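K.L.:
If you use our numbering, the sequence shown corresponds to residues 275 to 406, in order. Every residue gets a Cβ at the ideal spot worked out from N, C-alpha and C, and that includes glycine. Here the structure is a predicted model, which is why all the values come from computation and not from measurement. Structure provided below as structure tokens; questions to follow.
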Amino acid sequence: QPHSGSQANFAVYTALLQPGDTILGMNLAHGGHLTHGSPVNLSGKLYNVVPYGIDDKGQIDYDDLAKQAQTHKPKMIIGGFSAYSGVVDWAKMREIADSIGAYLFVDMAHVAGLIAAGVYPNPVPHAHIVTT
275 QPHSGSQANF AVYTALLQPG DTILGMNLAH GGHLTHGSPV NLSGKLYNVV
325 PYGIDDKGQI DYDDLAKQAQ THKPKMIIGG FSAYSGVVDW AKMREIADSI
375 GAYLFVDMAH VAGLIAAGVY PNPVPHAHIV TT
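Below is the structure:
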């Protein structure tokens with residue numbers, strides 16, 4: 275059992291990815307998490323990271339995410355964040371992942387309490403893998 279979300283995320287990566295595989299993760303400057311491909315984290319050193327981000331309204335840019343997915347064909351799309359205040363459309367993220375045969379991995383650690391309280395959408399029905 276991991277002692278932290280960072281260790282849990284790394285366990286997912288090492289179970290499903292090979293060094294050099296491509297992953298899509300939210301840009302740290304847009305609210306992403308260090309363990310989702312930041313260059314200062316091991317995930318950013320072992321894997322080819324393509325960041326996705328938010329639009330001018332501060333929402334995830336799903337059109338750009340889909341375009342990045344089609345262009346780069348990542349093995350995994352990471353949903354989750356540490357400083358994003360929007361509501362994620364998990365079904366849309368799964369649709370994008372399925373369109374290219376990628377895993378949808380959701381790190382829901384930062385919103386787990388809101389999900390448990392029923393005030394934030396639950397990613398479990400949509401994600402291939404979830405960590406908290």
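Name the DSSP bridge partner or partners of residue 429?
P.N.:
This structure does not reach residue 429, given that the chain is present from 275 up to 406, and the question cannot be answered.
K.L.:
For residue 298, name the three-state secondary structure that DSSP assigns.
P.N.:
Reading the sequence shown from its first residue, position 24 is the one you call residue 298. Three-state DSSP puts residue 298 in a strand.
K.L.:
For residue 336, report the span of its beta strand (DSSP E) as first-last.
P.N.:
Working through the sequence shown from its first residue, we reach residue 336 at position 62. From DSSP, residue 336 is part of no beta strand (DSSP E) but of the alpha helix (DSSP H) over 336 to 346.
K.L.:
Could you pull the DSSP bridge partners for residue 323 from this structure?
P.N.:
For this step, residue 323 is matched to residue 49 along the sequence shown. Per DSSP, 297.
K.L.:
With a CB to CB cut of under 7 Å and the five nearest residues on each side skipped, what residues in its chain are close to residue 320?
P.N.:
Taking the first residue of the sequence shown as 1, we reach residue 320 at position 46. Excluding residues within five positions, the ones whose Cβ falls inside 7 Å are 293.
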